Each structure stands twice: as structure tokens, then as C-alpha cells.
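Participant: With my numbering applied, the sequence shown corresponds to residues 25 to 488, in that order. The beta-carbon is built from N, C-alpha and C at its ideal position, and this holds for glycine as well. The model shown is predicted, which means the values in this text are computed figures rather than measured ones. Following this message is one structure expressed as C-alpha cells.
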Amino acid sequence: MPLQTEYPTTEATASSATAAVLAAHPRATSDPQARAAVATDRSGYVPATLPDGVVRAESADDVIEALRLAHAHNVPVVPRGAGTGLAAGASAHAGQIVVDVSGMDRILEIDPVEMIAVVQPGVLNAEVNAAAAEHGLFYAPDPASTAICSIGGNIATNAGGMWCAKYGVTRESVLGLTVVLADGRVVRTGRRTIKGVTGYDLNALFIGSEGTLGIVVEATLRLRPRPVRTETLAAYFDDIEAAGLAASAITAARIQPSILELMDGPTLGAVDRAEGTHHRELGGAFLLAQTDGYGAHLELDEIARAIEPYASSVHRAGSAEEAEALVKARRDAIPSLEKLGRVSIGDIAVPRNRLAEAFTGLEEISARTGVPIFSVAHAADGNLHPMIVVDPDTSITEGPAKEALGDMFHLAQGLGGTLTGEHGVGLLKRQWVEEEVGDISRSLQGAIKAAFDPTGILNPGKAI
Ligand SMILES: Cc1cc2nc3c(=O)[nH]c(=O)nc-3n(C[C@H](O)[C@H](O)[C@H](O)COP(=O)(O)OP(=O)(O)OC[C@H]3O[C@@H](n4cnc5c(N)ncnc54)[C@H](O)[C@@H]3O)c2cc1C
Numbered sequence: 025m026p027l028q029t030e031y032p033t034t035e036a037t038a039s040s041a042t043a044a045v046l047a048a049h050p051r052a053t054s055d056p057q058a059r060a061a062v063a064t065d066r067s068g069y070v071p072a073t074l075p076d077g078v079v080r081a082e083s084a085d086d087v088i089e090a091l092r093l094a095h096a097h098n099v100p101v102v103p104r105g106a107g108t109g110l111a112a113g114a115s116a117h118a119g120q121i122v123v124d125v126s127g128m129d130r131i132l133e134i135d136p137v138e139m140i141a142v143v144q145p146g147v148l149n150a151e152v153n154a155a156a157a158e159h160g161l162f163y164a165p166d167p168a169s170t171a172i173c174s175i176g177g178n179i180a181t182n183a184g185g186m187w188c189a190k191y192g193v194t195r196e197s198v199l200g201l202t203v204v205l206a207d208g209r210v211v212r213t214g215r216r217t218i219k220g221v222t223g224y225d226l227n228a229l230f231i232g233s234e235g236t237l238g239i240v241v242e243a244t245l246r247l248r249p250r251p252v253r254t255e256t257l258a259a260y261f262d263d264i265e266a267a268g269l270a271a272s273a274i275t276a277a278r279i280q281p282s283i284l285e286l287m288d289g290p291t292l293g294a295v296d297r298a299e300g301t302h303h304r305e306l307g308g309a310f311l312l313a314q315t316d317g318y319g320a321h322l323e324l325d326e327i328a329r330a331i332e333p334y335a336s337s338v339h340r341a342g343s344a345e346e347a348e349a350l351v352k353a354r355r356d357a358i359p360s361l362e363k364l365g366r367v368s369i370g371d372i373a374v375p376r377n378r379l380a381e382a383f384t385g386l387e388e389i390s391a392r393t394g395v396p397i398f399s400v401a402h403a404a405d406g407n408l409h410p411m412i413v414v415d416p417d418t419s420i421t422e423g424p425a426k427e428a429l430g431d432m433f434h435l436a437q438g439l440g441g442t443l444t445g446e447h448g449v450g451l452l453k454r455q456w457v458e459e460e461v462g463d464i465s466r467s468l469q470g471a472i473k474a475a476f477d478p479t480g481i482l483n484p485g486k487a488i
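Put into C-alpha cells, the structure is as follows:
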């Protein structure tokens with residue numbers, strides 16, 4: 025079911041400041057359809073108004089010019105990649121302009137010896153991997169949205185994915201950046217070498233900053249050799265708590281899977297309905313494990329042994345096609361739920377030995393608030409995505425859906441966890457940031473923001 029994006033039909037007039045920016049930039053438009061197309065992301069959030077205009081950047085110079093003009097006229101700017109974010113980080117409203125970099129989509133260089141790729145920000149994650157594969161390499165951070173999300177958006181959210189179980193999140197795979205600052209100046213961070221500690225690590229600071237410190241216009245990415253061998257299994261459990269205990273047992277046994285994913289029974293049912301598969305018949309929860317490298321088969325044996333006390337059945341994939349079908353089932357989770365209504369996606373992370381408690385807590389939240397919660401998890405990272413599905417016309421920013429999102433944060437906090445593992449704070453989770461980081465950290469973060477963006481024009485109201 026597509027999102028209902030209903031905006032006021034009356035044509036809002038751009039302020040004189042945004043009008044001046046839009047008139048002066050050769051790649052700007054205030055066409056209503058273009059503005060509607062960039063007003064929100066995949067979070068389910070619908071802004072009450074449209075942004076005043078869009079700059080469709082095709083080069084770093086387009087971004088520099090947009091920010092110079094915005095700075096001169098004090099106009100708020102929302103950076104945008106592919107718009108697949110799940111925290112309303114790229115959402116924009118009246119009085120703002122969007123700088124859309126999805127058209128900056130060229131892979132500039134693949135160096136197979138140094139194992140690096142230099143790319144523009146609008147390149148899709150899967151395109152980097154396809155180009156790397158031609159050289160026997162891969163780019164490790166692989167969100168389930170790999171086919172539709174951009175590298176710039178991945179960097180801005182410090183995105184994770186399935187292979188992050190072994191290879192780490194985006195921050196572990198970005199060596200250097202070129203970033204346009206709020207006033208149009210350009211800064212280069214990081215380097216092309218694997219090591220380097222000269223100066224403060226501004227590269228790491230930009231990663232996960234959700235477009236509030238600058239707009240990424242080029243990235244140098246770390247590639248890795250493709251594993252010589254992968255082995256995959258799917259295990260089914262009576263319930264999600266048993267699956268959570270099994271995942272914790274794998275971690276406790278010090279086995280290093282390259283993928284370790286969980287899905288609960290309701291999510292399996294939704295995937296089956298959308299894709300015609302039959303996972304739900306096999307159990308009330310599903311665990312997908314993959315190992316890689318020369319000893320992949322031996323490591324998978326260890327995983328099978330660790331989960332045996334908890335699983336009702338275990339199936340080893342007999343072919344690459346069978347393995348891909350199992351991985352696809354996990355990737356299909358969010359799109360399958362989107363067919364049922366408007367989806368609000370939580371992103372809490374907890375210590376890995378407390379996964380089962382987190383699932384129990386989510387069931388209690390569902391019972392208390394009356395909202396159905398479907399759950400998947402990147403189990404090796406303790407990162408859960410509890411998903412609330414509401415009627416397409418129902419708001420996710422108030423009422424029971426909002427209450428459940430707050431309860432999820434407090435559940436994670438109580439278990440020693442965090443508000444967001446990989447999707448970012450965006451607009452939707454901002455009210456809980458200070459509660460997690462504390463007032464000293466919050467004020468330091470405010471000072472950093474002021475150093476990079478003194479007039480506060482970059483993605484205001486997001487992230488911190
Ligand atoms: C079906 C589905 C599955 C998903 N699975 C995962 C998953 O497994 N793991 C995961 O981490 N996420 C996942 N996501 C969420 C989303 O794909 C990621 O957050 C992704 O990194 C967003 O990239 P984007 O290009 O769509 O960014 P956008 O949505 O366009 O923007 C996201 C944020 O980045 C900022 N931004 C974008 N480009 C730039 C730039 N060049 N410079 C500075 N700031 C910028 C925006 O202002 C915004 O704050 C999923 C989403 C969907 C719809």
C-alpha cells in the first residue's frame with residue numbers, strides 16, 4: 025500500500041529569501057511535483073507543508089553554489105540522497121529548500137590494488153558492490169535497502185546491514201570524504217590510506233551526522249576481498265524468545281558469523297503473504313546465519329551446535345540460489361509490511377545477551393499500547409527493528425504509535441542499550457536524545473554544530 029502523502033492543495037508562496045536562492049541557482053525548481061517528491065522519506069512521516077524548492081545537484085559546484093546562496097540569504101537546507109531513510113531525516117517543509125544529490129551518481133575510481141572506490145554521493149549502495157565485484161572485491165556495509173539507498177545517505181546515517189555482523193558499519197568502511205560546509209567552503213577529511221591519525225578525526229564526525237554538518241560530495245570507500253566461500257543456514261523456533269536465546273548463544277560461543285538475522289512470526293507471515301513463501305509454517309521465529317572464509321563450513325557447524333538446544337528445525341542451504349532466497353526473505357521484511365499499512369520503524373540496540381528480554385519487552389509494549397509490533401533484528405549487533413503498522417491515514421507522530429516508540433526507547437535504555445542503532449535520530453527520535461546522552465554531551469554536540477554551521481541552516485531540527 026503506497027504512503028498517503030496528502031499536502032495542502034493551496035500553493036504556498038516561497039518566502040523572499042528562499043525565492044532569491046531558487047531564482048539564482050541554475051538547477052533549482054519550485055515545481056510542486058518536484059517539491060512533493062522530496063518532502064519526506066520512507067519513515068511514514070508526512071510533513072504538513074511542502075519545501076519551497078529543490079536544487080537538483082549534478083556536481084560539487086552545484087552544491088557549493090546552493091550552500092553559498094542559502095548562507096547569504098539565511099535559508100535552511102535539507103540534504104537528500106535517495107530518500108529511503110527511516111527517521112524523517114530528509115523530510116522538509118515550507119521555508120526550506122532541499123539539495124538533492126541523487127543525480128551525482130558516478131563511480132569515479134576503483135583501485136583493485138589499494139582496494140578502494142572513489143564515488144559521488146548519489147551512487148546506490150548496490151552499484152558500488154556490483155562495480156567492486158568485477159575486481160573480486162566487495163563493499164561491506166549492505167543495508168537491506170542496498171538496491172535503493174545512496175552512499176551519501178549511508179554515510180550521513182552511518183548505515184548498517186547484514187554483513188556488519190562481521191565487517192562493521194559504514195564508519196569502518198569510509199576512508200575519506202569531500203564535504204561542502206554550510207557557507208559553501210569545501211573540506212577534505214580522512215585519507216586514502218588504511219591508517220592515519222593526523223589531527224582530530226573529522227571523517228568520523230561527519231559519518232552519522234545526518235546532514236547537519238555539511239553535504240558529502242565525494243567519498244573514498246574501503247573495499248575488501250570477496251570471501252572464497254560462504255555457508256548459510258536457516259533455523260526455525262517456536263517463538264522469538266527462543267530465537268533470541270539462540271542468537272545470544274552464538275555470540276557467547278565466540279563464533280563470528282558474517283550474517284546473523286532474526287525475524288518474528290508475524291513478520292514471517294507478512295513476508296509469506298507478500299512473496300508466496302512458506303516460512304511461517306515452519307515456526308514462530310526465523311534465524312538466518314551465514315559464515316564466510318576458508319573455514320565457513322566449520323564455523324557453520326559450530327553455529328548449528330550452539331543453537332540446537334533452542335531450535336525446532338535447522339536447514340542448511342544446499343546451493344547459492346537457496347542461500348540467496350533465505351537472505352531475500354530477510355530483505356523483504358520492510359517492503360512486505362509496507363503493503364499492510366503505514367510503518368513506523370524502531371531501531372533500538374541492546375547488549376547481545378539481552379535480545380530475548382528485549383523481545384519479551386516488545387510484546388508487553390504491544391499489549392499495553394494496543395499497536396501491533398512486528399520485529400526483525402540484526403542479532404549479532406543486538407540491533408532490533410520493532411515495526412508498528414498503522415492504518416495508512418493514521419499519524420505515527422502522535423497517539424499510541426508515538427507512545428510505543430517512546431516505550432521502545434525506555435525498554436532499550438533499561439537493558440543498557442540505545443535509541444538508534446543505524447537509522448539515525450532524524451526528526452522522529454529527537455526528543456529522547458538528551459535523555460540518552462546527557463546534558464554535557466548534548467551541549468558539546470551543540471558547540472560542534474555551531475562550529476560547522478554557525479547560522480544553523482543545515483538540516484535544522486534533526487539529529488541532535
Ligand atoms: C526497505 C528498507 C530497508 C532498509 N534497511 C536498512 C538497513 O538494513 N540498515 C540501515 O542502516 N538502514 C536501512 N534502511 C534505511 C535507509 O535505507 C538508510 O538509512 C540509508 O542510509 C539512507 O540512505 P538514502 O540515500 O536514502 O538517504 P536519505 O533518506 O535521502 O537521507 C538520510 C539522511 O542523510 C542525509 N543525507 C543524505 N545524503 C547526504 C549527503 N550527500 N550529505 C549529507 N547528508 C546527506 C539526509 O539529510 C538525511 O538526514 C532501510 C530502508 C528501507 C526503505
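1) Hey, how far is the Cα of D288 from the Cα of E446?
2) Can P359 be considered in contact with ligand 1, in the sense that its beta carbon sits closer than 7 Å to one or more heavy atoms?
3) Which class does L489 belong to by DSSP, given the choice of helix, strand or coil?
4) I'd like to know whether the C-beta atoms of A487 and T202 end up nearer to each other than 8 Å.
5) What are the start and end residues of each continuous alpha helix (DSSP H) run of 4 or more residues lying completely inside the region 396 to 442, in chain order?
6) Compare the C-alpha of V204 against each of V87, V395 and P416 and name the closest.
7) Can you tell which of G485, G317 and G77 has the C-alpha that lies nearest to the C-alpha of Q57?
8) Given this structure, state the Cα-to-Cα distance separating P75 from V62, to the nearest angstrom.
9) Across the region 361 to 374 and the region 309 to 320, are there enough close Cβ pairs to call them in contact, namely three or more that are closer than 8 Å?
10) Grab me the residues of D207's own chain with a C-beta within less than 6 Å of its C-beta, minus the 5 sequence neighbours each way, in chain order.
11) Terminal residues of the continuous alpha helix (DSSP H) containing G177?
12) Output yes or no for whether 8 Å exceeds the beta carbon distance between C173 and L132.
13) When you compare only the Cα positions, how much space is there between E305 and P410?
14) Just the Cα atoms here: how many angstroms apart are V125 and E151?
15) In three-state DSSP terms, what is G184?
16) If you scan the region 86 to 168 from start to end, which runs of the beta strand (DSSP E) of 3 or more residues do you find wholly inside it?
17) Please indicate yes or no: does the CB of V102 lie closer than 7 Å to some heavy atom of ligand 1?
18) Quick check: does the Cβ of L284 come within less than 7 Å of any heavy atom belonging to ligand 1?
19) Evaluate the contact criterion for the region 383 to 390 versus the region 429 to 445: three or more CB pairs, one atom per stretch, below 8 Å.
20) When DSSP labels each residue in this structure, what does Q314 get in the three-state scheme?
21) Can you check which of these residues, V210, G423 and P167, is closest to Y191 by C-alpha distance?
22) Helix or strand or just coil, what does DSSP make of R354?
23) Output the boundary residues of the beta strand (DSSP E) element that contains I369.
24) Can you round the beta-carbon distance between S67 and G109 to whole angstroms, since I take them to be within the 8 Å contact cut?
25) Among all the DSSP beta bridges, which residues are the ones paired with I372?
26) Within a Cβ cutoff of 7 Å, which residues of the same chain sit near D296, ignoring the five residues on either side of it in sequence?
27) Determine the extent of the beta strand (DSSP E) in which L199 is found, giving its start and end residues.
28) Going by beta carbon distance, what residues of the same chain come within less than 7 Å of P478, once the five residues before and after it are set aside?
Facilitator: According to the structure data:
1) Annotation: D288 to E446 spans about 20 Å, alpha carbon to alpha carbon.
2) Indeed, a heavy atom of ligand 1 lies less than 7 Å from the Cβ.
3) A query on residue 489 cannot be resolved here, the shown segment of the chain reaching from 25 to 488 and no further.
4) Cβ atoms of A487 and T202: not closer than 8 Å.
5) The region 396 to 442 contains, as complete alpha helix (DSSP H) runs of 4+ residues, the segments 423 to 438 (chain order).
6) Comparing Cα positions, the closest option is V87.
7) Ranking G485, G317 and G77 by Cα distance to Q57 puts G77 first.
8) Roughly 8 Å between the two C-alpha positions.
9) Proximity of the region 361 to 374 to the region 309 to 320 falls short of the contact definition, fewer than three beta-carbon pairs being nearer than 8 Å.
10) These residues qualify, in order along the chain: H95.
11) Element bounds for G177: I175 to T181.
12) Their beta carbons are not under 8 Å apart, which means C173 does not touch L132 by this criterion.
13) Between E305 and P410, the alpha-carbon positions lie close to 22 Å from each other.
14) One C-alpha to the other measures close to 16 Å.
15) DSSP, read as helix, strand or coil, puts G184 in coil.
16) Taking only runs of at least 3 residues, the beta strand (DSSP E) segments lying wholly in the region 86 to 168 are 101 to 104, 121 to 124, 131 to 135 and 140 to 143.
17) V102 has its CB nearer than 7 Å to a heavy atom of ligand 1.
18) It does not: the Cβ of L284 is nowhere closer than 7 Å to a heavy atom of ligand 1.
19) Yes: the two stretches touch, three or more of their Cβ pairs being nearer than 8 Å.
20) Strand, per DSSP.
21) With respect to the C-alpha of Y191, the residue from V210, G423 and P167 having the closest C-alpha is P167.
22) In the three-state scheme derived from DSSP, where H, G and I count as helix and E and B as strand, R354 is classed as helix.
23) DSSP places I369 inside the beta strand (DSSP E), whose first and last residues are R366 to I369.
24) Between S67 and G109 the beta-carbon gap is near 6 Å, inside 8 Å, which marks them as a contact.
25) For I372, DSSP assigns no beta-bridge partner whatsoever.
26) These residues qualify, in order along the chain: H302, H303 and R304.
27) Note, L199: beta strand (DSSP E), V198 to V204.
28) Excluding residues within five positions, none has a Cβ falling inside 7 Å.
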